[in-house]
Each structure stands twice: as C-alpha cells, then as structure tokens.
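Notes to accompany the following structure.
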Amino acid sequence: MALAAGGSVYALLNGGAEDNGTGGDPTATPTVTTATTEAPTGDPTTPSTSTSPSPSDGAIPADYLGTWTASIDNGSGENTRRLTIRQGEVGDTVLTLVADGPAGTGTYHCEFAAELAEEPGGEGPLEIGPSTVTVGDSPTCSPGEATEITLLPDGGLERVNTSSGEKLTYTRQ
C-alpha cells in the first residue's frame, strides 16, 4: 500500500495525469536581494544605489512575475503547488515550485528550481527548462521536464509540460 502511494506521488510529481504535467518541477529557493544606501553626507544630491532588480531588469514580462498557486485533488487528498517566477535572463533560475500533499500515511514536501530556456517574445510565453530538486527525497521528489508558461485572458497562468501536453492552471496569490 505504501509503495503504491509512493508511486502515485512519484507519478504525480513527474507529470502524471492527475497532476496535469506540472509536478516534479521548479520550486521555491530563497532569493537574497540587497540594497545599499550611501551614508548621509549633507549633500542632498548624493545618489543611493540598489542591487534590487526591478521588473524591467530581465527578459521576463512583468505580468508573469510573482507567486501563483494551484491545487490538485487526485483522490488521496489535496496536493498544493506554489509557483514563483522571478526576473532573470536566459540561463538564470527564474522559476521555483513548492509541492505539498498526502503520501501514503504521511505527507510529502518537494521543492524544485528551473531556468529560463529561451528569450520570451513580447508578452511570452515563457520557455522553462527541466527542473531540479532542491529540497526533498527521491523517489517522491524527482526532477521535472521542460514546461511552457502562458498568461491566460482571465488573469490565470497555464503551465504545460512540453513533452506530454499535460496542463495545470495557477491563480495569482
């Protein structure tokens, strides 16, 4: 029974039908942003500097940036996904995903990260490379395949597994 439940989570995270191809993908890794301001000099023209990226400091259209959530009920309980998209360029880790849910008699917690694979055109879509596991044990947490992310007319975000075509829709948090 536990093996079957573990296999279900494994399949779920690897794009199984109940997961619509979006599990086993990127996860949340903390991002450190620093800002520095020069000490006051009495001169109001002294500039301050910041290393914090703005929405225009990368390739990703601003409407994609932020945290998005989805849930999947595969019959064994609610499986949640928290997807975060950060600004960056091709090759940068721009997508993180936290996946939580029931597994056998316990629960699972997996975190994934993925890079921007191609420069998006105009308003997207975003081409995201395969994900790596940043937190979680195998086989419950396993790397995911490449995905494409598109903004929907209703304000949602759709993530499609480019190998299987399976989809999951997220809502802005």
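Under my numbering, residues 69 to 241 are what the sequence shown spells out, in order. Just so it is clear, CB atoms sit at the ideal spot from N, CA and C, and this is done for glycine as well.
Nearest-angstrom Cα separation, counted from THR230 out to GLU213: Going by C-alpha positions, GLU213 is about 8 angstroms away from THR230.
To the nearest angstrom, report how far apart LYS235 and GLY126 are at their CA atoms. Answer to the nearest angstrom: the Cα atoms are 26 angstroms apart.
Less than 9 angstroms between the beta carbons of VAL158 and LEU184, yes or no? Between VAL158 and LEU184, the C-beta gap is smaller than 9 angstroms, which places the two residues in contact.
Determine the DSSP secondary structure at ALA138, reduced to helix, strand or coil. Correct three-state label for ALA138: strand.
With a Cβ-Cβ cutoff of 9 angstroms, do ARG154 and ILE128 count as a contact? Yes; because the gap between Cβ atoms is below 9 angstroms, this pair is in contact.
Given 8 angstroms as the limit, is there contact between the segment 198-207 and the segment 136-143, that is, 3 or more CB pairs closer than that? The answer is no - the segment 136-143 does not touch the segment 198-207, with fewer than three Cβ pairs under 8 angstroms.
Between the C-alpha atoms of ALA130 and TYR176, what's the straight-line distance to the nearest angstrom? Approximately 32 angstroms, taken between the alpha carbons.
GLY189 and THR218 - do their beta-carbons sit closer together than 9 angstroms? In this structure, GLY189 does not lie closer than 9 angstroms to THR218 by Cβ.
Expected contact under 8 angstroms - CB spacing of VAL166 and GLU146 to nearest Å: Not really, about 14 angstroms apart at Cβ, beyond 8 angstroms.
Helix, strand or coil, according to DSSP, for ALA130 in the structure here? ALA130 falls in the helix class under three-state DSSP.
Enumerate in chain order the residues of its own chain whose CB-to-CB distance from GLY224 is below 7 angstroms, with the five nearest sequence positions on each side excluded. Same-chain partners within the cutoff: THR237, TYR238, THR239.
Taking 9 angstroms as the threshold (C-beta atoms), are GLU195 and GLU216 in contact? Cβ atoms of GLU216 and GLU195: closer than 9 angstroms.
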